[in-house]
Each structure stands twice: as C-alpha cells, then as structure tokens.
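Comments concern the structure below.
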Amino acid sequence: EAGVAQSPRYKIIEKRQSVAFWCNPISGHATLYWYQQILGQGPKLLIQFQNNGVVDDSQLPKDRFSAERLKGVDSTLKIQPAKLEDSAVYLCASSLPPGELFFGEGSRLTVL
Amino acid sequence: QKEVEQDPGPLSVPEGAIVSLNCTYSNSAFQYFMWYRQYSRKGPELLMYTYSSGNKEDGRFTAQVDKSSKYISLFIRDSQPSDSATYLCAMSASRRALTFGSGTRLQVQP
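Chains A and B are the protein sequences, given in the same order.
With this note's numbering, letter number 11 in the first sequence gets 160, and the count goes up by one each step, no holes.
With this note's numbering, letter number 10 in the second sequence gets 11, and the count goes up by one each step, no holes.
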C-alpha cells in the first residue's frame with residue numbers, strides 16, 4: 150500500500166514570496182491533515198479536512214495560509230506572503246477515523 | 002499551560018537499558034493515545050495505539066495509559082542504537098485531530 154506522498158521535499162524562498170505544497174493521501178482515507186513542525190517542537194495542526202469539507206482550521210493563520218482539498222483526494226497548502234517564522238516542516242497526514250494518522254515525509258521550508 | 006506536556010530530553014542510555022518516556026495532559030476528553038517515533042528528516046511513524054486506559058504490549062514496547070492521573074508512558078525494553086530517535090506522544094478526542102507533545106529525543110549508546 151502506497152503511503153502519503155508530499156512534494157516538494159525541500160523549498161527555500163525569500164520572505165514575502167509565496168510557496169505551495171502538495172499532498173496525496175493514502176487511497177481511501179477520507180480525513181486529511183496538515184501539520185506544521187518547527188524545529189525542536191511537536192507537530193501543530195493547521196487544518197483538518199473530512200472529504201472536501203474543513204473540520205478544523207482554528208490554528209491556520211488565514212491572512213497568509215490557505216488550503217484546499219479538491220474532489221476529496223489531493224490537497225494543496227499555500228503560504229503567501231511567507232514570513233521568517235514560517236520556516237518549518239509541513240507534514241501531511243491521512244486517516245480512516247478514528248485517531249490513527251499516517252504521515253508523509255514532510256516538506257521542509259526555509260524562509261530567508 | 003500546554004494541553005500535552007512532554008520532557009524534551011535529550012535522554013541518553015546505554016544499549017540494553019530500559020527506557021521510560023512520559024507525557025501528561027490536561028484535556029479529559031482525550032480517549033485515543035499514541036506514540037510516534039520520528040527519525041531525523043523523516044515523518045512520524047506510529048509505534049503504539051491505545052484506546053482509553055490500560056496497557057498494551059508489542060514486542061519490546063509497552064504503552065500505559067492512566068486516565069485518572071492524565072498520564073501516559075512508553076517503555077522500551079532492551080533498547081538498541083536503532084531506537085535512537087525523537088518520540089512523540091499524541092492524543093485525541095473522538096474524531097478530532099491529534100494533539101502532540103513536543104517530543105523526547107532519545108540516544109541509545111552502543
């Protein structure tokens with residue numbers, strides 16, 4: 150069974166530029182999550198989708214971050230404009246409810 | 002106060018030692034408790050999954066949940082250098098996303 154796929158693995162941009170990350174979840178998993186993991190910290194939830202709908206985006210900085218999940222499968226997370234403090238690993242995960250999440254390898258963002 | 006507290010370590014032990022990792026939490030609605038292992042520059046991978054209170058054993062790993070104390074533990078027996086990683090506790094209420102601890106970095110010395 151294929152795991153959660155993410156791209157790109159690494160991205161370096163300058164502040165105020167934009168960036169987009171893509172995620173393809175495990176086939177059949179209805180729930181998709183984006184987490185932000187800053188160096189030395191645990192993952193922090195940004196947004197949770199159930200099929201096409203948003204379940205929880207309370208911690209998503211909506212002035213600069215956006216996410217969508219078209220057709221209930223792939224998802225894209227966008228940051229525009231990026232700030233220095235956005236440097237982190239962006240982890241995508243998927244699950245069959247309840248609870249157990251399967252993570253991708255992550256997309257590492259460096260903002261200069 | 003964070004919802005989930007975890008000692009960041011680092012924790013350094015000799016090969017063969019028993020390792021004890023712990024987390025405390027404040028949200029009494031949490032029902033699902035997990036431990037993830039994360040190697041450097043990799044995504045977290047699930048190690049143990051426990052629903053509600055009790056113990057669960059899988060090979061060298063044992064997970065314990067004490068909901069009355071809001072305390073969970075992971076024990077690693079006969080630790081190996083390959084166990085060197087960051088261990089993340091995580092928990093959730095029904096059908097909600099996981100809330101993670103900050104992770105404990107473990108180093109097992111050969």
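Just so it is clear, CB atoms sit at the ideal spot from N, CA and C, and this is done for glycine as well.
Hey, would you say residue i sits closer than 8 angstroms to residue j, going by beta carbons?
i: Gly44(B); j: Gly253(A); result: yes
i: Arg106(B); j: Leu47(B); result: no
i: Val238(A); j: Arg257(A); result: yes
i: Gln199(A); j: Tyr182(A); result: no
i: Gln7(B); j: Cys90(B); result: yes
i: Leu250(A); j: Leu99(B); result: yes
i: Leu195(A); j: Gln186(A); result: no
i: Tyr159(A); j: Leu240(A); result: no
Rounded to the nearest angstrom, how far is the Cβ of residue i from that of residue j, given a contact under 8 angstroms?
i: Ala242(A); j: Val153(A); result: 6 angstroms
i: Ile19(B); j: Ile73(B); result: Incorrect: roughly 17 angstroms between the Cβ atoms, too far for contact.
i: Ile162(A); j: Ala231(A); result: 6 angstroms
i: Glu58(B); j: Tyr26(B); result: Contact flag wrong, Cβ pair sits at about 22 angstroms.
i: Val109(B); j: Asp84(B); result: 5 angstroms
i: Lys193(A); j: Val260(A); result: Contact flag wrong, Cβ pair sits at about 17 angstroms.
Under 8 angstroms between C-beta atoms, does residue i make it to chain A?
i: Ala98(B); result: yes
i: Ser29(B); result: no
i: Leu47(B); result: yes
i: Tyr72(B); result: no
i: Tyr50(B); result: yes
i: Gly55(B); result: no
i: Phe101(B); result: yes
i: Lys43(B); result: yes
i: Phe89(B); result: Per the sequence shown, residue 89(B) should be read as Leu rather than Phe. Output row for Leu89(B): interface = yes.
i: Gly104(B); result: yes
Which residue's Cα is closest to the Cα of residue i: the options?
i: Gly10(B); options: Thr100(B), Ala86(B), Phe101(B); result: Ala86(B)
i: Val66(B); options: Gly60(B), Val14(B), Thr51(B), Asp59(B); result: Thr51(B)
i: Ser244(A); options: Ala237(A), Arg158(A), Gly221(A), Lys227(A); result: Gly221(A)
i: Thr63(B); options: Gly104(B), Met35(B), Leu75(B); result: Leu75(B)
i: Arg213(A); options: Trp183(A), Tyr182(A), Asp235(A), Phe251(A); result: Asp235(A)
i: Ser93(B); options: Gln32(B), Gln7(B), Cys24(B); result: Gln32(B)
i: Arg97(B); options: Val14(B), Asn28(B), Gly17(B); result: Asn28(B)
i: Val14(B); options: Trp36(B), Pro82(B), Gly102(B); result: Pro82(B)
i: Asn201(A); options: Arg158(A), Leu233(A), Ile228(A), His178(A); result: His178(A)
i: Ser103(B); options: Tyr88(B), Ser95(B), Pro111(B); result: Tyr88(B)
i: Ile175(A); options: Asp205(A), Ser224(A), Gln229(A), Leu233(A); result: Ser224(A)
i: Cys24(B); options: Asn56(B), Ser70(B), Arg42(B); result: Ser70(B)
So, does the CB of residue i fall closer than 8 angstroms to a CB anywhere in chain B?
i: Pro223(A); result: Position check: residue 223(A) holds Asp in this sequence, whereas Pro was assumed. So, not an interface residue.
i: Asp205(A); result: yes
i: Leu209(A); result: no
i: Leu250(A); result: yes
i: Gly253(A); result: yes
i: Pro157(A); result: no
i: Gln185(A); result: no
i: Pro174(A); result: no
i: Leu240(A); result: yes
i: Gly191(A); result: yes
i: Leu194(A); result: yes
Just to confirm the assignment: which complete beta strand (DSSP E) runs, minimum length 3, are found wholly within the region 195-225 of chain A? Listed in chain order, they are 202-205, 214-217.
Every unbroken alpha helix (DSSP H) within the region 229-259 of chain A, with a cutoff of 4 residues, ordered by chain: none
Write down every uninterrupted run of the alpha helix (DSSP H) in the region 15-86 of chain B whose length is 4 residues or greater and which is fully enclosed by it, in chain order. none
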